[in-house]
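**Student:**
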Amino acid sequence: MRDFSTPAIILSKRRQGEADLFVDMISPDYGKFTMVAKGALKISSKFIGKLEIGQRGVFFIHKTTHNWLILKDVDTNKDCGLKISSHKDLILVSKIFELIKKIEYQPQLNQSIFALLTTTLLIINISKEHSIFLQIIMLNMLGYLPEFKECSNCQKSLKDCAVHYTDAGEIFCQSCKNTTTHLIGSLTFNQIKLLSYTKSIMWDIKKLTKIKLEPKDSQALELYADNIIVNCINIRMTVGS
Numbered sequence: 264m265r266d267f268s269t270p271a272i273i274l275s276k277r278r279q280g281e282a283d284l285f286v287d288m289i290s291p292d293y294g295k296f297t298m299v300a301k302g303a304l305k306i307s308s309k310f311i312g313k314l315e316i317g318q319r320g321v322f323f324i325h326k327t328t329h330n331w332l333i334l335k336d337v338d339t340n341k342d343c344g345l346k347i348s349s350h351k352d353l354i355l356v357s358k359i360f361e362l363i364k365k366i367e368y369q370p371q372l373n374q375s376i377f378a379l380l381t382t383t384l385l386i387i388n389i390s391k392e393h394s395i396f397l398q399i400i401m402l403n404m405l406g407y408l409p410e411f412k413e414c415s416n417c418q419k420s421l422k423d424c425a426v427h428y429t430d431a432g433e434i435f436c437q438s439c440k441n442t443t444t445h446l447i448g449s450l451t452f453n454q455i456k457l458l459s460y461t462k463s464i465m466w467d468i469k470k471l472t473k474i475k476l477e478p479k480d481s482q483a484l485e486l487y488a489d490n491i492i493v494n495c496i497n498i499r500m501t502v503g504s
C-alpha cells in the first residue's frame with residue numbers, strides 16, 4: 264500500500280533540516296515506526312500543535328518507492344492528547360516512551376501495548392509513582408519479570424525476607440546469593456510485595472494510582488526497572504553488532 268492510515272501515539276520527535284520533523288510512533292497495526300512530517304516547523308504548517316509527544320490520533324501516511332513514510336495529514340481532537348503541564352511531566356512520559364522505543368518485543372504485543380498506553384497513560388494524571396508502576400507493568404507484559412514468589416535459583420518460597428537481584432531482574436534468596444557474581448542490588452520484603460501486586464493487576468493500573476510510595480521504595484523500584492531496561496538494551500546492541 265502506498266497510502267494508508269492508522270491510529271498511533273507519538274513517542275518522540277526530532278528536527279530534520281530547517282522545517283521537517285522525524286516523528287517516532289507506535290501503532291496497534293504497524294508497531295513502532297518513524298515518519299517524516301514535511302514542513303512541520305513552518306508557521307503556516309497544518310501540523311502545528313498536532314505533533315506533540317503523547318499526541319494520539321489517526322495519521323494518514325504515504326509510503327514512497329524508497330520506503331520512506333511521509334505524513335500527509337492527521338486527525339486529532341482536543342481530548343486525545345496527553346496533558347503535559349510541566350517539564351517534569353515531559354521527563355516522566357519521555358522515559359516511558361523511550362522504554363517502548365528501545366526494547367524489542369514480538370509484533371503480536373503491538374495492540375496490547377497500544378491499548379495500555381491509551382487506557383492508562385493518556386487518561387491518568389502523571390506522577391512519579393505512576394511512571395514507575397507503568398514501566399513495571401510493561402516489563403511484565405514483555406516477559407522480563409520473574410516470579411516474585413520464589414528464588415530464581417532454588418525456587419524456595421520467599422516469605423518475610425529481603426532478596427538480591429541481577430541486572431536481568433532475577434531474584435535470589437539469602438542462601439543463593441553467592442551462586443552468582445552478577446548481583447547488583449537488593450529489595451526489601453515490602454518492595455517485593457509491591458512488585459508482586461503490580462504484576463498481578465496487569466491492566467488495571469488505576470488500582471496503583473492511590474498508592475503513595477515511600478522515597479526508599481520509589482528509588483528501589485525505579486532502580487530495579489532501570490537495570491532491567493539497560494540490560495535488555497545492552498543485549499540488543501550485542502546481538503545486533
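Going by this note's numbering, the first residue of the sequence shown is number 264, and it counts up by one from there.
Where a beta carbon is used, it is the ideal one built from N, C-alpha and C, also for glycine.
Any idea which residues DSSP pairs glycine 320 with across the strands?
**Tutor:** Note: glycine 320 sits in a beta bridge opposite Ala271.
**Student:** Would you report the Cα separation of serine 250 and isoleucine 389, rounded to the nearest angstrom?
**Tutor:** The first residue shown for the chain is 264 and the last is 504, placing residue 250 beyond what the model contains.
**Student:** Lysine 479: which of Thr461, Gln454 and Lys365 sits nearest, CA to CA?
**Tutor:** When only C-alpha atoms are compared, the closest one is Gln454.
**Student:** At what residues does the alpha helix (DSSP H) containing histidine 350 begin and finish?
**Tutor:** Run containing histidine 350: 350 to 365, per the alpha helix (DSSP H) assignment.
**Student:** In this structure, what does DSSP give as the bridge partners for alanine 300?
**Tutor:** Alanine 300 pairs with Leu284.
**Student:** Looking at phenylalanine 396 and leucine 458, is the spacing between their C-beta atoms short of 7 Å?
**Tutor:** Not closer than 7 Å, so no.
**Student:** Could you tell me which of Ala488, Lys475 and Phe435 sits nearest to leucine 406, measuring between CA atoms?
**Tutor:** Note on identity: in this sequence residue 406 is glycine, with leucine being the wrong assignment. For the residues Ala488, Lys475 and Phe435, the minimum Cα distance to glycine 406 belongs to Ala488.
**Student:** With respect to the alpha helix (DSSP H) encompassing threonine 461, which residues constitute its N-terminal and C-terminal limits?
**Tutor:** Per DSSP, threonine 461 belongs to the alpha helix (DSSP H) from 452 to 464.
**Student:** Which two residues bound the contiguous alpha helix (DSSP H) that contains leucine 402?
**Tutor:** Where leucine 402 is concerned, the enclosing alpha helix (DSSP H) stretches over 391 to 404.
**Student:** Following the continuous alpha helix (DSSP H) through leucine 384, name the residue where it begins and the one where it ends.
**Tutor:** That residue, leucine 384, is in no alpha helix (DSSP H); it is neither H nor E in DSSP.
**Student:** Go through its chain and collect everything with a Cβ distance to serine 511's Cβ below 7 Å, but skip five positions before and after it.
**Tutor:** The structure shown does not extend to residue 511, since the chain spans only 264 to 504, so no value can be given for it.
**Student:** Where does phenylalanine 310 fall in DSSP's three states?
**Tutor:** If DSSP states are grouped into helix, strand and coil, phenylalanine 310 belongs with coil.
**Student:** Taking one C-beta from the region 365 to 382 and one from the region 332 to 341 each time, how about it: are there three or more such pairs within less than 8 Å?
**Tutor:** In short, these stretches do not touch, since the Cβ pair count stays below three.
**Student:** Is it buried or exposed for serine 504, if we count other Cβ within 10 angstroms and need 16 for buried?
**Tutor:** Legend: pLDDT at serine 504 = 42, less than 50; position of this residue unreliable, no value from coordinates given.
**Student:** Note down the Cα distance separating glutamine 482 from lysine 456, rounded to an integer number of angstroms.
**Tutor:** For glutamine 482 and lysine 456, the distance between alpha carbons rounds to 15 Å.
**Student:** Among all the DSSP beta bridges, which residues are the ones paired with glutamate 413?
**Tutor:** In the DSSP output, where bridge partners are listed per residue, glutamate 413 has Ser420.
**Student:** Within 10 angstroms of its Cβ, does cysteine 417 collect 16 or more other Cβ (buried), or is it exposed?
**Tutor:** Label assigned to cysteine 417: exposed.
**Student:** With DSSP as the reference, please indicate the residues paired to histidine 427 in a beta bridge.
**Tutor:** According to DSSP, which records beta bridges pairwise, histidine 427 is partnered with Phe435 and Ser449.
**Student:** Following the continuous beta strand (DSSP E) through aspartate 336, name the residue where it begins and the one where it ends.
**Tutor:** First-last of the beta strand (DSSP E) with aspartate 336: 332 to 338.
**Student:** Just the Cα atoms here: how many angstroms apart are tyrosine 460 and glutamine 318?
**Tutor:** Computed Cα separation, rounded: 30 Å.
**Student:** Return the Cβ separation of phenylalanine 323 and lysine 335 in integer angstroms, given the expectation that the two are a contact with Cβ distance under 8 Å.
**Tutor:** Between lysine 335 and phenylalanine 323 the Cβ distance is about 5 Å, and since that is below 8 Å, they are a contact.
**Student:** What do you get for isoleucine 492, buried or exposed, if any count of 16 or more other CB atoms within 10 angstroms of its CB means buried?
**Tutor:** The residue in question, isoleucine 492, is buried, as its Cβ has 16 or more Cβ neighbours within 10 Å.
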